[in-house]
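Note sheet for the following structure.
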Amino acid sequence: MLVRNGSSDQGVPDVFEYLAAERLILAGPELACRLVAAGAERTHPGLAEVLQPVDLVYTWVDGSDPEWMRERDRAWARIHPEEVNPYAANAERYRNHEELRYSLRSVDYFAPWINHIYLVTAGQVPGWLNCANSRITVVDHREIFPADALPTFNSHAIEARLHRIPGLSEHFLYLNDDVFFGRHVGPERFFHGNGLPKFFQSENRIPAGEVSIADLPVDSAAKRNRQLLQHKFGRTVEFKFKHAAHAQRRSTLQRIEEEFPAEHANTTHSRFRNPQDISIPSSLAHYYGFATGAAVAGTISYRFCDISEPDALVKLLRLLRDRSADVFCLNETGPSALDWERLDRMLEDFLEAYFPVPSSFERGSE
1 MLVRNGSSDQ GVPDVFEYLA AERLILAGPE LACRLVAAGA ERTHPGLAEV LQPVDLVYTW
61 VDGSDPEWMR ERDRAWARIH PEEVNPYAAN AERYRNHEEL RYSLRSVDYF APWINHIYLV
121 TAGQVPGWLN CANSRITVVD HREIFPADAL PTFNSHAIEA RLHRIPGLSE HFLYLNDDVF
181 FGRHVGPERF FHGNGLPKFF QSENRIPAGE VSIADLPVDS AAKRNRQLLQ HKFGRTVEFK
241 FKHAAHAQRR STLQRIEEEF PAEHANTTHS RFRNPQDISI PSSLAHYYGF ATGAAVAGTI
301 SYRFCDISEP DALVKLLRLL RDRSADVFCL NETGPSALDW ERLDRMLEDF LEAYFPVPSS
361 FERGSE
């Protein structure tokens, strides 16, 4: 059995620390020489280089906040059970392992070219966040939602309002807080030099058939997206998208609101994920952008780890050893075989090993 700090009762291995130390040297002199030689004759930026400012948007919630929990329970009590899938508000969606802290570290480490960061919350601010950092702005739901749509506990609704963020750049990345940059990556991974965003299709197919209350919320939204695209363009789509960084153009999101006003309004006003929802920046915007010449398919090195699965520890160790993913996601899709404390400890140890140095977005780093 792997042990941590000489004890086997924690179930979390010292090997996290070992692998982190082993990978400290990321590039050698040979690589540096090649980079210098390649740039020696350059006097102008290349056409493929992204020169536009690229912002980053996170959506975040503190699911352990007692007041937020009371509001959620009051709202849920007014929902008719036959109208939504039970997974629309499952507890795992709101658990907080402080992923945001480490995702921001990954920005500092591997994507320092990010222009400005917007953190969209329900009036909540992480206690560790350095709000004095001029590169990050906390955006309250009240700044981007109509009053009659709040409070909301629907990620589809929140995503539908991102283009309303004051000051947001035309080009931006949308990340959930469980998504991390895994190695040095440039903006060209997500955008072309002419500004076109790239999307990353999954191998997982959108289920066949019409929308049903039995569908998982992610599937019902994908089916709704497909219906809109079929009606608008006379074409269909088959695949979902990776739970990665979603490259966006603000103008495309605005066009979608104008093109599908009823569906957009219905999603905005759904308190919880609903079978009538559409999922915009994580799906519809990619296909709509492709159909209108405003987005293209791209490739990315990506890993997904469901931390509730029995093999989660093995996958985390591989991630730490290889560090070969541009982006990775640590998602909790259901109840874990581990108790809450052990799961939290396993994830914390992994993230500390991968991202050990506090970022400029944390208190005390000023």
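Just so we're aligned, residue 1 is where the sequence shown starts under full-length UniProt numbering, counting upward by one.
Quick reminder that beta carbons are idealized off the backbone N, C-alpha and C, glycines included.
Alpha-carbon spacing of residue i relative to residue j, whole angstroms
i	j	result
V120	V139	5 Å
A244	Y302	7 Å
D349	G63	21 Å
residue 374	A157	No answer is possible for residue 374: the residues shown for the chain start at 1 and end at 366.
G195	R342	44 Å
F190	P275	30 Å
R142	R321	43 Å
F355	D311	22 Å
R363	A265	38 Å
S220	D306	21 Å
V314	M346	11 Å
A208	C131	46 Å
R105	F361	8 Å
K240	A262	23 Å
L26	G289	Because L26 sits at a pLDDT of 48, beneath the cut-off of 50, its placement in the model cannot be relied upon, and the point is left open.
S283	L168	20 Å
H116	L56	6 Å
residue 378	A294	Residue 378 lies beyond the stretch modelled for the chain, which goes from 1 to 366, so this question has no answer here.
H163	P197	15 Å
E258	V357	44 Å
L351	L330	10 Å
residue 367	P146	Nothing in the structure corresponds to residue 367, since the chain is present only between 1 and 366.
R135	E210	44 Å
residue 367	S365	Within the shown structure, residues of the chain are numbered from 1 to 366, placing residue 367 beyond reach of any answer.
A325	I300	8 Å
H184	R323	10 Å
H80	F172	37 Å
F304	P217	19 Å
T137	Y118	5 Å
L24	F110	At L24, the pLDDT of 48 sits below 50, so the modelled position is not reliable; the number obtained from the coordinates is stated separately. Distance between the alpha carbons of L24 and F110: 14 Å.
First and last residue of the uninterrupted beta strand (DSSP E) at residue i
i	result
F153	Taken as a continuous stretch (DSSP letters only), F153 belongs to no beta strand (DSSP E), as it is neither H nor E.
L56	54-59
Q201	201-205
L51	Run containing L51: none; DSSP gives neither H nor E here.
F328	327-331
V138	136-140
F180	179-181
Backbone secondary structure at residue i - three-state DSSP
i	result
P66	helix
V120	strand
T299	coil
F260	coil
T236	coil
N225	helix
D349	helix
H44	coil
S220	helix
Q254	helix
D339	coil
R72	helix
S212	coil
N266	helix
P146	coil
S282	helix
Those residues which DSSP pairs with residue i across a bridge
i	result
Q248	F172
E362	L129
F304	C329
P197	F191
Anticipated Cβ contact below 8 Å, residue i with residue j, distance rounded
i	j	result
residue 367	N154	The chain is shown only over 1 to 366; residue 367 falls outside these bounds and no answer can be derived.
S308	T333	6 Å
V54	I114	6 Å
D177	E99	5 Å
G182	V327	6 Å
S270	A222	Actually they are not in contact, since the Cβ atoms of S270 and A222 sit about 16 Å apart, beyond 8 Å.
E188	V61	In fact, because the Cβ distance is near 32 Å, the residues do not count as touching under 8 Å.
Y174	H246	4 Å
S103	F180	5 Å
A291	R235	7 Å
P151	A122	6 Å
R318	D277	Not a contact, Cβ separation roughly 34 Å.
Q52	E170	7 Å
Residue range of the unbroken alpha helix (DSSP H) whose run includes residue i
i	result
L319	312-322
K240	Note, K240: premise wrong, no alpha helix (DSSP H); beta strand (DSSP E) at 239-241.
V107	99-110
A160	Taken as a continuous stretch (DSSP letters only), A160 belongs to no alpha helix (DSSP H), as it is neither H nor E.
A291	285-291
9 Å Cβ cutoff, residue i in contact with chain B
i	result
Y288	Protein chains in the displayed structure number just one, and chain B is not present.
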